[in-house]
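Report on the following structure.
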Amino acid sequence: DTEVTQTPKHLVMGMTNKKSLKCEQHMGHRAMYWYKQKAKKPPELMFVYSYEKLSINESVPSRFSPECPNSSLLNLHLHALQPEDSALYLCASSQGLTSPDTQYFGPGTRLTVL
Amino acid sequence: DAKTTQPNSMESNEEEPVHLPCNHSTISGTDYIHWYRQLPSQGPEYVIHGLTSNVNNRMASLAIAEDRKSSTLILHRATLRDAAVYYCILRPLESGTYKYIFGTGTRLKVLA
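Shown next, in the form of structure tokens:
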């Protein structure tokens, strides 16, 4: 099973709301990733967790708060977002070993901020 | 970070081979080359990867130049289901973790 699941599929929120995106994998992978993808652009890396510890934060604004409760789950907590944060948010996972460490992506959550 | 350069779009006829090029002139010796594709409304899907030698799998072939400054993804017989955006990706090591640096992608259109 090479599946990464993401919920919800779609999310509409106001600028004052707090919401969370959820990502799950059961492949025994120890590295998990959040990406942001705007229309007609490639995915941009936001965060990387390696063995449940945050290893990369690509200077993401604090209104995005990642959390890795265990090796199978990855959350992205959203608070006080701006309309320009509307995008497809992708989760991925990989074994977390040295190489080649292929990443497997979920289908994404389409976020709209009003 | 090393960068990749890809054509914005390409067209192919169904049942014909497709060669998708990628330039990565600043690639370092430890960077793997990965290719993914993204169909509409889906996450990126792994296609193939390589380091120095040419690679084949059931989906495609990857031809890597001897100096590693460019590579070509080869779809042997394009079908309508192969219409997607194809990303050439380098994978540098940072903070003990491999991260993907996506290229801008090539939108492949397959004509029936």
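These protein sequence lines are chains R and C, in that order. Using the working numbering, count along the first sequence one by one with no gaps and you end on 114. Using the working numbering, count along the second sequence one by one with no gaps and you end on 1112. Even for Gly, the Cβ is constructed at its ideal location relative to N, Cα and C.
Buried versus exposed call for residue i [16 or more other C-beta atoms within 10 Å across all chains shown]
i       : result
M46/R   : buried
Q37/R   : buried
P1044/C : buried
Y102/R  : The amino acid occupying residue 102/R in the given sequence is Thr; Tyr does not appear at that position. Under this definition T102/R is a buried residue.
S1053/C : exposed
K1099/C : buried
S1012/C : buried
L1073/C : buried
CB of residue i within 8 Å of CB of residue j, strictly
i       : j       : result
R1077/C : E1015/C : yes
D1031/C : L1090/C : yes
W34/R   : L76/R   : yes
Q82/R   : M15/R   : yes
C1022/C : Q1038/C : no
S1070/C : L1062/C : no
Y104/R  : S86/R   : no
Under 7 Å from the C-beta of residue i: neighbouring residues of chain C
i      : result
Q103/R : Y1100
P8/R   : In chain order: nothing, as chain C lies at least about 14 Å away.
Listed by chain order, chain R residues near residue i by CB distance under 9 Å
i       : result
H1024/C : Correct list: empty, because the minimum Cβ distance to chain R is about 14 Å.
Y1046/C : T2, T102, Q103, Y104, F105
Min CB distance residue i to chain R below 8 Å
i       : result
P1092/C : no
G1029/C : no
For residue i, the three-state DSSP class (helix, strand or coil)
i       : result
R110/R  : strand
F24/R   : In the sequence as displayed, the identity of residue 24/R is Glu instead of Phe. Here E24/R sits in strand by DSSP.
E1045/C : strand
E67/R   : strand
P83/R   : helix
Cβ of residue i within 8 Å of any chain C Cβ
i      : result
S28/R  : Inspection of the sequence shows that residue 28/R is occupied by Gly rather than by Ser. No, G28/R does not count as interfacial toward chain C.
L11/R  : no
L111/R : no
L90/R  : yes
G14/R  : no
V60/R  : no
Neighbour list for residue i in chain R, Cβ cutoff strictly below 7 Å
i       : result
T1104/C : P42
Y1087/C : P42
Amino acids of chain C, ordered along the chain, whose beta-carbon sits closer than 9 Å to that of residue i
i     : result
L45/R : K1099, Y1100, I1101, F1102
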